[in-house]
Amino acid sequence: MTGTAVAELTRYAGLTLFDLFSPSCAPCRTLAPVLDDLAADFAGAIRVFKVDVSADPSVAEHFGPRAFPTLILYRDGEEIDRIVGLRSRAQLAYWIENHL
């Protein structure tokens, strides 16, 4: 996914979650199936996009992650919250629910 594509995705109406990861990041690999489950649980209420920041440096420039994984929530084109680091499924579900 290019930086231009990501910029377009951030403009979606509603709630959008970006999972910024690096393939070499072990916590990112641990989080991947958890996010897949949450995307299914919250289908229709939130869109989830996984973004490999190592694939295009402009993506990292756009979001400015300091560590991985970084989860960023957007609502109607505006960043509303972010989490850095591994969290449990329950913590992430609570986080999402608080922004619905």
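Residues in the sequence shown are numbered from 1 upward in steps of one, following my numbering.
Glycine is no exception: its CB is placed at the ideal position from the N, C-alpha and C atoms.
Just verifying my parser: in three-state terms, what is the DSSP assignment at Tyr94? Reading the sequence shown from its first residue, position 94 is the one you call residue 94. Tyr94: helix per DSSP, three-state reduction.
If you count every other CB in all the chains shown that lies within 10 Å of the CB of Tyr94, and 16 or more means buried, which is it? Against the sequence shown, residue 94 aligns to sequence position 94. So Tyr94 counts as exposed.
Flag this pair as yes or no: are the beta carbons of Glu79 and Ile72 separated by less than 7 Å? As a position in the sequence shown, residue 79 is number 79, starting the count at 1. As a position in the sequence shown, residue 72 is number 72, starting the count at 1. Yes, the pair counts as a contact, with Cβ atoms nearer than the cut-off.
If Leu92 sits next to Pro27, beta carbons under 8 Å apart, how far is it from one beta carbon to the other, in whole angstroms? To locate residue 92, count along the sequence shown from 1; it is residue 92. To locate residue 27, count along the sequence shown from 1; it is residue 27. Between Pro27 and Leu92 the Cβ distance is about 13 Å, and since that is not below 8 Å, they are no contact.
Hey, Ile46 and Leu17: beta-carbon distance below 7 Å or not? By 1-based counting over the sequence shown, the position of residue 46 is 46. By 1-based counting over the sequence shown, the position of residue 17 is 17. Yes, these two residues count as a Cβ contact at 7 Å.
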